[in-house]
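Inspection log for the structure reproduced underneath, given as structure tokens.
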């Protein structure tokens with residue numbers, strides 16, 4: 315109860331063309347001659363009756379339905395249809411008007427605009443959060459530069475493989491925004507740590523820092539790709555719907571790692587200022603309050619982790635209970651192919 319089941323039914327038949335239907339044997343005469351369907355009937359593929367009457371707001375109309383071809387772009391098709399109507403409008407009879415009683419493209423356009431808006435908001439929020447924790451404008455600019463570079467590369471790959479900008483591909487980029495700056499942040503913070511601990515120049519600190527984290531960056535990219543790549547090879551409707559979504563995320567992740575390995579180190583070596591060895595700047599104002607609050611919570615977190623490690627057996631039992639609870643909730647939740655839309 316409450317579960318909606320949707321299934322794709324593929325009909326298979328040996329008779330697919332008019333010629334094949336025409337060869338259906340109806341009768342064999344005594345002299346051995348055969349009477350087939352094409353001998354007694356005219357055979358063709360089409361409707362029995364093409365006549366229909368339509369009205370729009372109580373007035374007689376001539377209806378014309380335009381169906382989107384497989385792989386065609388809905389917005390481009392709608393714009394082309396409207397442009398052709400405007401081109402033919404001077405030739406319409408007096409009192410003749412064209413109406414569009416059913417058009418889904420405004421919803422598509424609005425959905426894409428909302429996703430683009432969310433993408434821009436995500437970029438701004440990522441910049442603010444990075445500045446809140448790094449508290450260094452130069453260090454914040456470096457990961458921020460990675461965002462448009464990765465997006466540009468992702469759009470280029472999408473164009474090469476024939477993907478379009480749609481709600482699913484843009485949603486993939488929205489999810490990838492937070493992930494693609496992680497690599498650059500790790501590089502920047504590690505370079506600053508090496509400069510502060512060892513007093514090296516930005517160039518030398520970058521070289522040493524990259525030697526420490528290159529393997530980790532590549533490993534993280536491979537793990538995340540292993541999560542999303544199988545979705546692209548799923549069969550049926552799931553693969554058709556989510557292929558662009560998964561490949562967009564994977565493309566952005568791979569490009570973010572390349573940027574973190576190539577562009578970000580170069581920016582660190584040229585933009586960051588040297589930090590004296592052992593130097594620790596005490597912030598004032600809002601950043602001072604934030605750092606003190608963060609340090610207190612970090613100390614509480616360390617105490618909590620120590621408590622968990624000290625009683626690891628008890629917490630493993632709790633962890634197993636949580637896994638069982640997740641499985642039970644997953645089984646009990648109603649399932650459907652896609653969420654309902656208003």
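In the working numbering, the protein residues as written are 315 to 656. Quick reminder that beta carbons are idealized off the backbone N, C-alpha and C, glycines included. What you are looking at is a predicted structure, and each value in this text was computed from that prediction instead of being measured.
Item                                                                                                                                         : Value
Taking buried to mean at least 16 other C-beta atoms within 10 Å of its own C-beta, is residue 611 buried or exposed?                        : exposed
Taking the beta carbon of residue 457 as the centre, do at least 16 other beta carbons fall within 10 Å, making it buried, or is it exposed? : buried
If you follow the beta strand (DSSP E) that residue 339 is part of, which residue opens it and which one closes it?                          : 339-342
Give the single residue among 411, 402, 391, 442 whose Cα lies nearest to the Cα of residue 419.                                             : 391
Does DSSP put residue 430 in a helix, in a strand, or in coil?                                                                               : helix
With respect to the alpha helix (DSSP H) encompassing residue 368, which residues constitute its N-terminal and C-terminal limits?           : It is not in any alpha helix (DSSP H) - residue 368 instead sits in the beta strand (DSSP E) that spans 368-370.
Between which two residues does the beta strand (DSSP E) harbouring residue 374 extend?                                                      : 373-375
Reducing DSSP to helix, strand and coil, say where residue 606 ends up.                                                                      : helix
Per DSSP, what kind of secondary structure is residue 526 in: helix, strand or coil?                                                         : helix
Assign residue 348 to one of three DSSP states: helix, strand, or coil.                                                                      : strand
Can you tell me whether residue 509 is buried or exposed, with buried defined as 16 or more other CB within 10 angstroms of its CB?          : buried
Three or more C-beta pairs under 8 Å: does that hold for the region 436-445 against the region 533-545?                                      : no
Answer yes or no: do residue 426 and residue 490 have a C-beta to C-beta separation smaller than 7 Å?                                        : no
Please state whether the Cβ-Cβ distance between residue 608 and residue 449 is less than 7 Å.                                                : no
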